[in-house]
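Each number in my numbering corresponds to the 1-based position in the sequence shown with 42 added. Notes for the one structure printed next.
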Amino acid sequence: MRRNRRSLLLGAVLALAAALMLLTTFASASSGGAQHVRWDIISIPGGTPGPGAHVNPGGHASASAANGGDTITLMGSGTFVAPASGGGSGAATGGGTWSASGGGNGTYTVTALVSWENAGAQTDIGLISSIDEGTATNGTAVLAIAFSDGSQGVLTVGCHGPGAPAGIFE
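So, in structure tokens, the structure goes:
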């Protein structure tokens, strides 16, 4: 049963669609250098993004197992350095906490960046961000994670904010 629950939990993490803020700074933007990215599962008091809405770190995101089973809820943030190629990187930090509706909770740690798709800077629509680092960016990051119980997983996080092209995950 423990193995089955873990499989459901990891499957839910794979399908997690998080409200996410991605902030980038460029080591060498003119030469296509590495991107330094901060990611946060965010909260927007009132729940509706738009002009004057506040964007804060410390939100939560949930996903349910495809078979209608457990729901997993995560909180977290971190950083990574994405190579100009868009490929993976060991320069990744962060993590957070998780809890499952069927019981169980713990922490997770980001161990690596698997891939990063930068979809460009967000269009300014007047959001008030308490996350004051870099430029709000649209994109999708795939992160390798390790759970506190020793199991491994993958966390896909995306931001399809103002100005994002069609097809960006969120």
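For every residue, glycine included, the Cβ atom is placed at its ideal position computed from N, Cα and C.
| Item | Value |
| --- | --- |
| Outcome for residue 77 when other beta-carbon atoms lying within 10 angstroms are tallied against a minimum of 16 | buried |
| Candidates 200, 137 and 136: closest to residue 160 by CA position | 200 |
| Within 8 Å, strictly: CB atoms of residue 115 and residue 81 | no |
| Integer Cβ distance of residue 153 from residue 134, believed to fall under 8 Å | 7 Å |
| Buried versus exposed call for residue 127 [16 or more other C-beta atoms within 10 Å across all chains shown] | exposed |
| Residue nearest to residue 102 in terms of C-alpha spacing, selected from 138, 187, 112 and 145 | 138 |
| For residue 99: DSSP bridge partner residues | 84 |
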